[in-house]
Amino acid sequence: MRLNQITLPVRDIARSKAFYLTLGFRLLVDSAHYCRFLAPEGDTTFSIHAEDGEIATGAVLYLENGDMDADFKRLNAAGVAFETDPADESWLWREARFRDPDGHVWKLYFAGENRVNPPWRVKG
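Read left to right, the sequence shown gives residues 303 to 426 (the numbering used here).
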């Protein structure tokens with residue numbers, strides 16, 4: 303597994319998008335409630351997601367593996383309490399959600415090529 307995707311909740315997508323573009327992140331996905339960026343170097347991705355009201359979730363961290371179902375079974379057997387079973391999501395990622403002992407949200411996932419090149423990727 304490799305850590306390569308983090309999502310932060312934000313209050314104002316436009317303000318946050320401008321900030322991260324200024325830092326050198328490259329825009330991959332751009333919508334009214336969600337943006338995904340490619341890091342200035344390497345292939346790590348980073349996302350922002352609009353939250354209404356108080357931001358209570360904090361960052362969401364993602365562990366990717368090509369055989370995430372096998373990792374799900376292994377971690378589940380080791381006592382990791384998953385909140386969701388692996389599921390194919392509408393954004394073309396397969397995910398299972400769990401929390402660490404302090405309540406931080408993690409997702410075991412597989413996105414493959416769709417992480418960097420989704421069908422709705424920003425052109426240019």
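Quick reminder that beta carbons are idealized off the backbone N, C-alpha and C, glycines included.
Three or more C-beta pairs below 8 Å linking the segment 315-329 and the segment 350-368: These segments touch.
To the nearest angstrom, how far is the alpha carbon of L365 from that of A398? 10 Å
For R317, report the span of its beta strand (DSSP E) as first-last. First-last for R317: 315-324, but that is the alpha helix (DSSP H), not the beta strand (DSSP E).
Note down the Cα distance separating W393 from R401, rounded to an integer number of angstroms. 21 Å
Given a cut-off of 8 Å, decide if V424 and L362 are closer than it, judged by their beta-carbon atoms. Here residue 362 turns out to be Val, not Leu, going by the sequence shown. Contact flag unset, no.
Rank R338, P421, A383, D387 by C-alpha distance to the C-alpha of N306 and give the top, closest one. R338
Could you give the first and the last residue of the continuous alpha helix (DSSP H) run that contains L329? Run containing L329: none in the alpha helix (DSSP H); it sits in the beta strand (DSSP E), 328-332.
Output yes or no for whether 8 Å exceeds the beta carbon distance between V418 and T347. yes
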